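Some notes on the structure that comes next.
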Amino acid sequence: MLFVWTSDGGPLQHVGLALFLVQLMPPFLTAMSAHLPLPGVPITAVVGSMLILALTALFFCWGTGAVSQLVEPATQFVVEATGALRHTTGISSNGRLALLLGSMVVGFSVLLLFTNAYLISSLFHIIGVCLILRAHLRRGLGDRNVRGAGGTESECQEAKMEEIVNIIQKMPVEEFLSEESLLEKCSISRLKKMLEVRRQPMTEGSCLERQDLVDAVNKSRNYSDSCVICCEEYREGDPLRILPRCRHEFHLECLDQWAYTFANRSKRQRQPSCPLYNEALK
């Protein structure tokens, strides 16, 4: 009997465990088939062959990533099933949940020994109906508590989304201009509009020349070559949202999507803010 194990883990210990199980299976299956009637021998051989094939596939697929592709969805399914079971039964402790599942397995095994399959099937249906009713009642109580606090979850999210949309619609939009275009091509009316958007009003006689307007815009503009949300460089004519308070510039779609995240439950108590300075948008 060959058994390989390593203290620091790694692929070698998995190979050793597979070899150990492969060596252990033949005598185990032989001893089992000796106590089975003749029809049970082929069944034992088929089960043993399937186990050997499964271990062989596991051995050859361990380093290729194929196992992880199967394990990750299974793990996600187990997590979701456990969460649904906790929500249905109202049990949050892992120990109590494991005790409940273990008790159910033992109970059904004992009943299967002394009763027939029809009774077990009926019992499963009754328990399923009870769990569905319990989950429905818990959901109704939860919605009632949320309504008492000011509305259901969907109503709160819709109200917050409507508030965010109103804030966004009031924010100014302008096309991106590089420093070269601002210096050479931008008209005087557009320069004045850019100052108004950034809440930099001109006093009478302060900007007599076009160059004075250009200097004032450059001074008030938090200029950047790229959007910090998507990390893509601005192109000439890209629509930008201008934040009046901090005067930062972002892609229109990027800032809108950023603001919509404040409708989620985790951020709902906060006002939409600038991604850089945490300054409120309104």
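In the working numbering, the protein residues as written are 65 to 346.
For each residue, glycine too, the CB sits at the ideal point set by N, CA and C.
As the structure is a computational prediction, the values presented were derived from the model and not from experiment.
Between valine 292 and leucine 246 the beta-carbon gap is near 20 Å, outside 8 Å, which marks them as no contact. Here DSSP, grouped into helix, strand and coil, assigns phenylalanine 326 to helix. In this chain, isoleucine 293 is not harboured by any alpha helix (DSSP H), its DSSP state being neither H nor E. In the structure shown, the three-state DSSP call for glutamate 244 is helix.
If the five residues before and after lysine 234 are omitted, its C-beta is found closer than 8 Å to the C-beta atoms of Lys346, all from its own chain and listed in chain order.
For arginine 305, the enclosing beta strand (DSSP E) starts and ends at 303-306. In the structure shown, serine 251 adopts coil according to DSSP, grouped into three states. The C-beta distance from isoleucine 231 to proline 336 rounds to 6 Å, short enough to fall under 8 Å. Spatial neighbours of glutamate 296 in its own chain (CB-CB distance under 8 Å, excluding positions within 5 residues in sequence) are listed in chain order as Ser290 and His315. Assignment of beta-bridge partners to glutamate 297 by DSSP yields Ser290. Within its own chain, the residues whose Cβ lies closer than 8 Å to the Cβ of arginine 285, once the five positions on either side in sequence are excluded, are Met258, Arg262, Arg311 and Glu313, listed in chain order. In this structure, the alpha-carbon of phenylalanine 240 lies about 6 Å from that of leucine 304.
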